[in-house]
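Here's the structure, in structure tokens; my notes come after.
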Amino acid sequence: MNILKLSWRNLFAQPLSTILSLVLFALGVGLISLILLLNHQLDDKFERNLAGIDMVVGAKGSPLQIILCSIFHIDFPTGNIPLRQANGLKRNPMIEKAIDMALGDSYKGYRIVGTTTDYVDLYEGKTAEGKLWGELYEVTLGATVAEKLELKLGDAFQSSHGFADDGFGHEGAEDFKVVGILESTGSVLDQLILTNVKSVWAVHDGHGVHPDSVSIDDRELTSMLLFFRNRMAAVKLPRMINENTDMQAASPAFEMTRLYNMMGAGESILRWLAIIIIGVSGLSVFISLFNSLRSRKYELALMRVSGASRIRLFFMILLEGLIIAILGYIIGIALSHIGMQMLSGYLSEEYRYDFTGWMFLPAEWVMLAVALLIGFFAAVIPALMAFTTDISKTLSKG
Numbered sequence: 004m005n006i007l008k009l010s011w012r013n014l015f016a017q018p019l020s021t022i023l024s025l026v027l028f029a030l031g032v033g034l035i036s037l038i039l040l041l042n043h044q045l046d047d048k049f050e051r052n053l054a055g056i057d058m059v060v061g062a063k064g065s066p067l068q069i070i071l072c073s074i075f076h077i078d079f080p081t082g083n084i085p086l087r088q089a090n091g092l093k094r095n096p097m098i099e100k101a102i103d104m105a106l107g108d109s110y111k112g113y114r115i116v117g118t119t120t121d122y123v124d125l126y127e128g129k130t131a132e133g134k135l136w137g138e139l140y141e142v143t144l145g146a147t148v149a150e151k152l153e154l155k156l157g158d159a160f161q162s163s164h165g166f167a168d169d170g171f172g173h174e175g176a177e178d179f180k181v182v183g184i185l186e187s188t189g190s191v192l193d194q195l196i197l198t199n200v201k202s203v204w205a206v207h208d209g210h211g212v213h214p215d216s217v218s219i220d221d222r223e224l225t226s227m228l229l230f231f232r233n234r235m236a237a238v239k240l241p242r243m244i245n246e247n248t249d250m251q252a253a254s255p256a257f258e259m260t261r262l263y264n265m266m267g268a269g270e271s272i273l274r275w276l277a278i279i280i281i282g283v284s285g286l287s288v289f290i291s292l293f294n295s296l297r298s299r300k301y302e303l304a305l306m307r308v309s310g311a312s313r314i315r316l317f318f319m320i321l322l323e324g325l326i327i328a329i330l331g332y333i334i335g336i337a338l339s340h341i342g343m344q345m346l347s348g349y350l351s352e353e354y355r356y357d358f359t360g361w362m363f364l365p366a367e368w369v370m371l372a373v374a375l376l377i378g379f380f381a382a383v384i385p386a387l388m389a390f391t392t393d394i395s396k397t398l399s400k401g
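Set out below in structure tokens:
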């Protein structure tokens with residue numbers, strides 16, 4: 004019988020202790036892998052959606068809320084800002100470009116965003132079908148919106164107030180008409196229904212009221228995405244805006260760092276918990292093999308008498324630790340990816356962002372190497388004990 008089969012049979016001669024070691028190992032590996040998968044996809048989406056935006060200007064309130072709402076579209080607006088003040092800010096020589104954002108409505112949970120075509124260019128969006136919006140009430144759909152809602156060119160729909168699926172409609176308002184569908188970009192663009200700002204105004208003004216007939220003093224935006232000409236703008240503009248206008252300046256870089264710090268505490272706790280579980284698993288493997296060895300000394304001595312070398316016994320015990328490590332790793336990785344796939348359904352439903360469990364990260368190969376090292380060190384002392392077994396003493400006691 005070869006050494007692999009011997010090691011396998013020896014492990015499962017004591018199934019309960021082996022299963023306990025496997026469960027602990029799999030839990031630790033699975034938890035770390037799940038954290039890696041979630042963090043990788045969150046970081047990727049955050050970085051992609053920031054798209055070099057230097058500052059967001061919104062209504063007075065939480066700067067983080069302004070960032071989450073205006074860039075990631077996963078929170079509610081802090082209010083609206085006066086269009087006259089927003090236009091005045093655009094003329095500041097330190098601002099290279101500004102993109103208007105008008106929010107407030109949705110269709111079946113997907114947000115309708117009044118903006119300019121610069122917003123599509125920001126994420127390198129291209130039309131897969133049709134064209135970008137132009138006239139009043141024309142909309143262009145993100146790839147995910149078109150797929151999930153099964154909308155096509157020429158379809159019409161009425162918006163609902165707010166961002167929930169059950170928001171009330173605008174009675175008497177015109178229908179929005181689909182004139183284009185964007186290619187998938189992997190960014191927040193995929194989750195949005197895009198139109199011009201005047202269309203959002205027109206829906207809220209009421210049936211029959213053209214947006215150009217209302218004074219600019221009565222017009223509002225939800226926010227603006229700003230891009231600076233130089234670094235000095237990051238120092239001067241926020242203070243000027245916050246102190247001298249009815250608007251609030253929010254720095255994406257600063258607020259995302261603050262968000263990462265808030266999330267980091269919980270992530271760190273989970274990561275250390277996983278490391279402790281894997282450490283306990285390694286200890287469990289060591290104790291299991293150590294106890295097993297004590298009861299198998301006579302058997303090992305007989306194997307030596309039958310011709311098995313010291314090296315063969317050493318590697319047989321060592322292989323037992325490595326088998327537990329490999330099996331625990333495989334089970335843990337499988338559980339984490341299945342768990343991530345199940346979690347992706349909730350995340351997609353709740354936040355309209357696409358996540359997946361069917362991706363493998365390079366860091367998971369590092370985890371395999373670490374798992375093998377733990378299995379090796381857990382088994383090396385029992386393996387050395389098998390290597391140094393005194394045949395004559397063991398058989399005389401047997």
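When the letters of the sequence shown are read in order and numbered with the numbering used here, they come out as residues 4 to 401. Beta carbons: idealized from backbone N, C-alpha and C, even for Gly. Source: prediction; values computed, not measured.
Cα-Cα separation between residue i and residue j, rounded to whole angstroms
{"i": "Leu14", "j": "Phe289", "result": "12 Å"}
{"i": "Lys111", "j": "Tyr140", "result": "17 Å"}
{"i": "Ala337", "j": "Ser36", "result": "10 Å"}
{"i": "Val373", "j": "Leu364", "result": "15 Å"}
{"i": "Leu41", "j": "Leu305", "result": "52 Å"}
{"i": "Ile196", "j": "Leu125", "result": "16 Å"}
{"i": "Ser351", "j": "Met266", "result": "20 Å"}
{"i": "Leu145", "j": "Met259", "result": "Here residue 145 is Gly; the residue named in the question, Leu, does not match the sequence. If I take the Cα positions, the gap works out to 25 Å."}
{"i": "Ala176", "j": "Gln161", "result": "8 Å"}
{"i": "Tyr263", "j": "Arg12", "result": "48 Å"}
{"i": "Val283", "j": "Leu375", "result": "15 Å"}
{"i": "Thr188", "j": "Gly165", "result": "25 Å"}
{"i": "Ala237", "j": "Phe231", "result": "8 Å"}
{"i": "Thr143", "j": "Ile22", "result": "55 Å"}
{"i": "Val383", "j": "Ser295", "result": "14 Å"}
{"i": "Ala167", "j": "Thr81", "result": "17 Å"}
{"i": "Ser218", "j": "Lys93", "result": "19 Å"}
Sub-8 Å separation of residue i and residue j beta-carbons
{"i": "Val203", "j": "Ala105", "result": "yes"}
{"i": "Met327", "j": "Leu25", "result": "In the sequence under discussion, the amino acid at residue 327 is Ile, which differs from the Met named in the question. Cβ distance < 8 Å, so Ile327 and Leu25 count as in contact."}
{"i": "Ala253", "j": "Gly61", "result": "yes"}
{"i": "Leu86", "j": "Leu229", "result": "no"}
{"i": "Leu154", "j": "Gly133", "result": "no"}
{"i": "Phe390", "j": "Leu316", "result": "yes"}
{"i": "Gly331", "j": "Val32", "result": "yes"}
{"i": "Ser291", "j": "Gln17", "result": "yes"}
{"i": "Met97", "j": "Met235", "result": "yes"}
{"i": "Arg51", "j": "Ser216", "result": "no"}
{"i": "Leu185", "j": "Leu34", "result": "no"}
Best match in the options for proximity to residue i [C-alpha to C-alpha]
{"i": "Val59", "options": "Leu40, His76, His43 and Leu292", "result": "His76"}
{"i": "Ile334", "options": "Leu9, Ala16, Phe28 and Ser10", "result": "Phe28"}
{"i": "Glu323", "options": "Gly342, Ser309, Phe293 and Met343", "result": "Phe293"}
{"i": "Arg261", "options": "Trp11, Lys63, Leu19 and Leu71", "result": "Leu71"}
{"i": "Ser287", "options": "Leu330, Lys8, Ser20 and Arg12", "result": "Ser20"}
{"i": "Thr198", "options": "Phe379, Met343 and Gly137", "result": "Gly137"}
{"i": "Asp178", "options": "Ile115, Asp121 and Ala167", "result": "Ile115"}
{"i": "Tyr354", "options": "Leu39, Asp193, Lys129 and Ile22", "result": "Asp193"}
{"i": "Leu303", "options": "Gly360, Tyr113, Val181 and Met388", "result": "Met388"}
{"i": "Leu30", "options": "Ser309, Leu325, Gly285 and Leu185", "result": "Gly285"}
{"i": "Ser10", "options": "Ala382, Asp103, Ile320 and Ser347", "result": "Ile320"}
{"i": "Ser7", "options": "Gly310, Val181, Phe318 and Leu276", "result": "The residue you asked about is not Ser; residue 7 is Leu in the sequence shown. Checked all of Gly310, Val181, Phe318 and Leu276; the closest Cα to Leu7 is Phe318."}
{"i": "Ile281", "options": "Val148, Ile84, Met370 and Gly183", "result": "Met370"}
{"i": "Asp57", "options": "Lys180, Leu240, Arg307 and Lys129", "result": "Leu240"}
{"i": "Gln44", "options": "Val123, Thr359 and Ser163", "result": "Thr359"}
Limits of the unbroken beta strand (DSSP E) element including residue i
{"i": "Phe230", "result": "Ser226 to Phe231"}
{"i": "Leu144", "result": "Glu141 to Leu144"}
{"i": "Asp108", "result": "Ile98 to Tyr110"}
{"i": "Phe75", "result": "From DSSP, Phe75 is part of no beta strand (DSSP E); its letter is neither H nor E."}
{"i": "Ile56", "result": "Looking at the DSSP string, Ile56 is not in any beta strand (DSSP E), and its letter there is neither H nor E."}
{"i": "Phe179", "result": "Phe179 to Leu185"}
{"i": "Val116", "result": "Tyr113 to Gly117"}
{"i": "Gly64", "result": "Gly64 -> no beta strand (DSSP E), and no H or E assigned at all."}
Continuous alpha helix (DSSP H) stretch holding residue i: start and end
{"i": "Thr198", "result": "No alpha helix (DSSP H) holds Thr198; the beta strand (DSSP E) holding it covers Ile196 to Thr198."}
{"i": "Glu352", "result": "Arg313 to Tyr354"}
Residue i: CB within 7 Å of a non-hydrogen atom of the ligand MN
{"i": "Ala382", "result": "By its list of ligands, the structure shown contains no ligand whatsoever, and the ligand MN lies outside what it can speak to."}
If you scan the segment 286-311 from start to end, which runs of the alpha helix (DSSP H) of 4 or more residues do you find wholly inside it? 300-308
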